[in-house]
Structure formats: C-alpha cells, structure tokens
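Chains as they are written, first to last, in the numbering used here: chain A, -12 to 130; chain B, -12 to 130. By construction, the Cβ of each residue, glycine as well, lies at the ideal position given by its N, Cα and C atoms. Being a predicted model, the structure only gives us computed values, none of them experimental.
2 protein chains.
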Amino acid sequence: MADKYDRLKLDNQLCFPLYACSKEVVRRYKPYLDKIGLTYTQYITMMVLWEKGEIGVKALGERLYLDSGTLSPLLKTLEKKGLLERKRDEEDERNLIVRITKKGLALRDEAVDIPLKMGACLNIDAEEAQTLYRILHKLMSDF
Amino acid sequence: MADKYDRLKLDNQLCFPLYACSKEVVRRYKPYLDKIGLTYTQYITMMVLWEKGEIGVKALGERLYLDSGTLSPLLKTLEKKGLLERKRDEEDERNLIVRITKKGLALRDEAVDIPLKMGACLNIDAEEAQTLYRILHKLMSDF
DNA sequence: CGCGATTTAATTGTGTACAATGCAATTGTA
DNA sequence: TACAATTGCATTGTACACAATTAAATCGCG
C-alpha cells in the first residue's frame, strides 16, 4: 500500500518525535524549576555559569546554540533576579561578560537534586539513555 | 575529581542535546519550508491533514502534543492561507473541525521531496536513525 | 593614519509553546 | 427536567526562538 506520499506521514518522520520529546522533557522540568524560579532556558544558562563562573555572551550563545535575540532579554531577566552581573569587557567594549553572583552560586544547592528527579520520571533505562546521548551528540558534532 | 555538582553540568544532561537537536532540525527545515510558505508547526499540522483530510481540534492536539493556545491562532493562519477550512461540528457545537481544501491538498505535491532532502542533510546513518526513532517513540509512549 | 569591512550585542517583528482563565455547549444526575 | 459538573475552543500573559536590522567598537588594509 505504499504511495508516493508515504514519506510525508507524521509517523515516518524522525524530526517529530525529536520535537515532541524535547518539549515534553522541558515540560517535566517545569515543576522542579518553578521551585527555584527558573525557566528551562534560564536553567541551562545557569548551568554554564555554575561551571564557569563567568563567560562572554558570544561563547555562551555558542555553548547553548542560542543567539543574542534570545540571550539578551534572558540575561537581563537573570540580572534582575540578582543571579548574575552583566558588564562590558574593558579590553573590547563590544563584548558583554556575564558573571555569576553569590546569590546565583547559592542557587546551585537548590538545583542539585533536579537531574536525579528528572531521570526518575523518564521512561528510559540507563543503556538506552546512553545510546540516545551518543546519537544526539553525534548529530550535534555537525552543527 | 567528581564533586556533588557533577550532575548539574550541561555535558551530563540528556535533556540538552534533545533540546538542541530538536531546534537545529527545525532550523534546517526552514529553507525548504519557506519555499512552500509554512513554518515547522504548520508543516506537521498539514501532514496530519494530508493523511486524514479532516480532523477535530482536540484529536489534532493529541496527535501533535499541542494545546488550543497554540493551535487556535495557527489554524486561523492556515485558514487565511486557504489551506484548510474551520467549521463547527453540527452534532456538538463545542467541537471545531478542520478540513483540508483543494489548495491545501495541492501543496502536498510541493512538499513531497522535503523529507528526502532533510534526510540527506543530517549526519546520521540509517541504523542510528532507526535506533533514535525507536528510543524516542518508547519515551513518547509514556506521555 | 584613515576609513571601509567586520564583529558583537541589542532591538524588532513574527510565530510558536503553554499555563491559566473565560465562556458556551453538553452531559450526568438527583 | 433543573442545574452543577464537565468538555472543548478561544483568549491572555509570559517566555522563548530566530531572522533581519541596527549601532557601536574594533580591525585591517592601503
């Protein structure tokens, strides 16, 4: 019963489960992230800052695959929350540096259990998770 | 060098590559979708209509994992483009039915090559694609 | 050195996503 | 059969995403 439109069926797409799973996982983070007052995008931004302490907006965008249209307002929001500081690079005034604050660093202790809680609520075993991780990273090596 | 914050590192997340790959794949569709005047979300909506001809908004939302807040304006946009008609179910006026138009059906011929073109521009072989598909669908079975 | 090209963040405009709320139609039940 | 509960789409408000444009700072070449 193959017809020339078979490839256009939703069930035959790889993009759609990727898109649907991504949204669902973000949705499942929400209850935990609400408790610490972050959105998902703010959370991955804080992850980078927890690890690096400070970073330029350009490098941050490359790490998160986000551009300034997304990051500029988001970083201002996080500054308003007192989690980071924004300052111009004195060497080159074009660059904006974001640096984590004490309050931002303290938030890490409230976030530390989130990854385990999330893992527990996903229907995936360790081996499949690792396979998924590997394939997705291989895809990303091409971006 | 393991510390208690290791799980909070971006590189140790499964959610992040999922999120990044999903966005990147949608971004790569854009040049092809621009040619037929659809966004990605409009494209997957049309996929359902190409297959089913007509469907209620509730069932459409369940199929795409989207709610009325997303679908209501999107379906009005597609109606304005002349690709579908919106009408109330005469049996139960609460239900809105969307039905594809001739113009909407004709668009399928312009879209038919998109899945192959997309497949060609992703750095993934057939076996990995199948594994990825299987794992993501297993995840989705839980939504 | 002067000045056009490049780099970088910010802004603007469009289109999702989704929680929360509103509201009209229908259903279930006393 | 009233009427409270439920259902289903629409609306509102918030927050991304990202393309395109702008504007300021720096670079590089003649």
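Which one of A:54, A:22, A:27 and A:37 has the shortest CA to CA distance from residue 14 of chain A?
-> Distance from the Cα of residue 14 of chain A is smallest, within the candidate group A:54, A:22, A:27 and A:37, for A:27.
Which word fits residue 46 of chain B, buried or exposed, when buried means at least 16 other C-beta atoms lie within 10 angstroms of its C-beta?
-> Flag for residue 46 of chain B reads exposed.
In the DSSP assignment, what are the bridge partners of residue 87 of chain B?
-> DSSP, once it has assigned bridges, lists B:71 as partnering residue 87 of chain B.
What in chain B is Cβ-close to residue 129 of chain A, meaning under 7 Å?
-> Here the neighbours are 110.
At a Cβ cut of 7 Å, what residues of the stretch 1 to 15 of chain A count as close to chain B, listed as they run along the chain?
-> Those residues of the stretch 1 to 15 of chain A that come within reach of chain B (Cβ to Cβ, closer than 7 Å) are 1, 2, 3, 4, 5, 6, 7, 8, 9, 10, 11, 12 and 13.
So, is the C-beta of residue 78 of chain B closer than 8 Å to a C-beta in chain A?
-> No, because no Cβ of chain A sits closer than 8 Å to the Cβ of residue 78 of chain B.
Measuring CA to CA, which of A:10, A:87 and A:103 is closest to residue 67 of chain A?
-> Shortest Cα-Cα distance from residue 67 of chain A to any of A:10, A:87 and A:103 involves A:87.
Collapsed DSSP secondary structure at residue 78 of chain B in the structure displayed | DSSP, reduced to helix, strand and coil, places residue 78 of chain B outside both helices and strands of the structure shown, so it counts as coil.
State yes or no: is the beta carbon of residue 86 of chain A nearer than 8 Å to at least one beta carbon in chain B?
-> With respect to chain B, the C-beta atom of residue 86 of chain A has no partner C-beta closer than 8 Å.
Boundaries of the beta strand (DSSP E) in which residue 106 of chain A is found, first to last residue | Not the beta strand (DSSP E): residue 106 of chain A falls in the alpha helix (DSSP H), residues 101 to 107.
Residue 42 of chain B by DSSP, collapsed to three states: which one?
-> It is a strand residue.
N- and C-terminal bounds of the alpha helix (DSSP H) containing residue 7 of chain A = Here the alpha helix (DSSP H) through residue 7 of chain A covers 2 to 23.
Please work out which residues of its chain come closer than 6 Å, Cβ to Cβ, to residue 30 of chain A, disregarding the five sequence neighbours upstream and downstream, and give them in chain order.
-> If we look at residue 30 of chain A and ignore the five residues flanking it on each side, its Cβ neighbours are 20.
List the whole-angstrom C-beta distance separating residue -5 of chain A from residue -6 of chain B, where the pair is believed to meet the contact cut-off of C-beta under 8 Å.
-> Not quite, the Cβ-Cβ distance comes to about 40 Å (not below 8 Å), so this is no contact.
Would you mind telling me which residues of chain B sit closer than 7 Å to residue 57 of chain A, beta carbon to beta carbon, in chain order?
-> Ordered by position in chain B, no residue passes the 7 Å Cβ test against residue 57 of chain A, which lies about 10 Å from the chain.
Reference residue 89 of chain A, options A:16, A:40, A:78 and A:119, closest by Cα = Nearest option by C-alpha distance: A:40.
Expected contact under 8 Å - CB spacing of residue 75 of chain B and residue 85 of chain B to nearest Å | About 11 Å separates the two Cβ atoms, so there is no contact after all.
Residues near residue 79 of chain A by beta carbon distance below 8 Å, same chain, minus five either side | Same-chain partners within the cutoff: there are none.
Would you mind stating whether residue 34 of chain B and residue 7 of chain A have Cβ atoms separated by less than 8 Å?
-> Contact: no.
In three-state DSSP terms, what is residue 55 of chain B?
-> Correct three-state label for residue 55 of chain B: helix.
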